[in-house]
Structure formats: C-alpha cells, structure tokens
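In this text, residue positions in the sequence shown follow our numbering: the first is 32, and each later residue adds one.
Here's the structure we're looking at; comments come further down.
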Amino acid sequence: MAGKYEPLTSHLAALAEAGREDVELDFVEIADMVGGLPPTAYRWQAWWDNDASGTHTQARAWRGAGWAVAKVDLAGQSVSFTRA
32 MAGKYEPLTS HLAALAEAGR EDVELDFVEI ADMVGGLPPT AYRWQAWWDN
82 DASGTHTQAR AWRGAGWAVA KVDLAGQSVS FTRA
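Shown next, in the form of structure tokens:
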C-alpha cells in the first residue's frame with residue numbers, strides 16, 4: 032500500500048513483528064509520520080473508524096498492517112490500536 036499513510040502502516044507492521052499486541056500513539060506522532068493529519072482527525076471520532084468497507088485510506092493503513100483502532104481520545108489527542 033503506497034501513499035500518504037504508508038509510514039503508519041510500516042510503523043504498525045514493525046510493532047507487530049516485535050510482538051506488540053497494542054499501542055497508543057498520539058496524534059502528533061502520527062502526523063509527523065504521515066506529513067500531517069486533516070482537521071477532521073482532531074475533531075471527529077468517525078475519522079478513526081476501522082471502516083470495514085475499505086473506502087477510507089487512513090483505515091486501510093492500520094487494517095493493512097493487521098491493527099484496529101480500539102479507542103480514540105479526541106481531548107487527549109491519542110489513539111489506541113490493538114492487533115486485529
């Protein structure tokens with residue numbers, strides 16, 4: 032999967048290879064990895080949906096690495112992923 036969110040895919044894939052089952056990342060970390068997040072990522076929980084339909088490129092990034100969003104904290108600007 033090439034594109035804007037490929038660095039996130041690679042990061043999560045590396046964590047999986049290291050045996051991690053869950054991880055919490057803050058929005059700044061993710062934004063730094065991918066060259067910025069859209070304003071909707073900071074305001075709408077739905078931006079972080081796992082999107083089983085596969086239409087959202089950001090969801091394809093974590094799902095493609097075998098992860099799913101477990102929890103989003105918009106106020107604290109962090110997201111928890113768990114191995115899917």
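Glycine included, every Cβ here is placed at the ideal spot set by N, Cα and C.
For clarity, every value in this text was computed on a predicted model and none was experimentally measured.
Assuming contact is defined by CB atoms lying nearer than 8 Å, are residue i and residue j in contact in what I supplied?
i, j, result
"A96", "L56", "no"
"L46", "M64", "no"
"V100", "W75", "no"
"Y36", "F58", "no"
Just to confirm the assignment, what range does the alpha helix (DSSP H) spanning residue i have?
i, result
"S111", "Counting along the chain, S111 falls outside any alpha helix (DSSP H), though it belongs to the beta strand (DSSP E) covering S109 to R114."
"E37", "E37 to E48"
"G95", "T88 to G95"
"A72", "P70 to R74"
In terms of residue numbering, what span does the beta strand (DSSP E) encompassing residue i cover?
i, result
"A101", "W98 to D104"
"E60", "No beta strand (DSSP E) contains E60, which is instead part of the alpha helix (DSSP H) from F58 to V65."
Between the options, which lies nearest to residue i when the distance is taken from Cα to Cα?
i, options, result
"R51", "K102, Q108 and W98", "W98"
"A90", "A115, G107 and D104", "A115"
"R94", "V103, Q108, G107 and F112", "F112"
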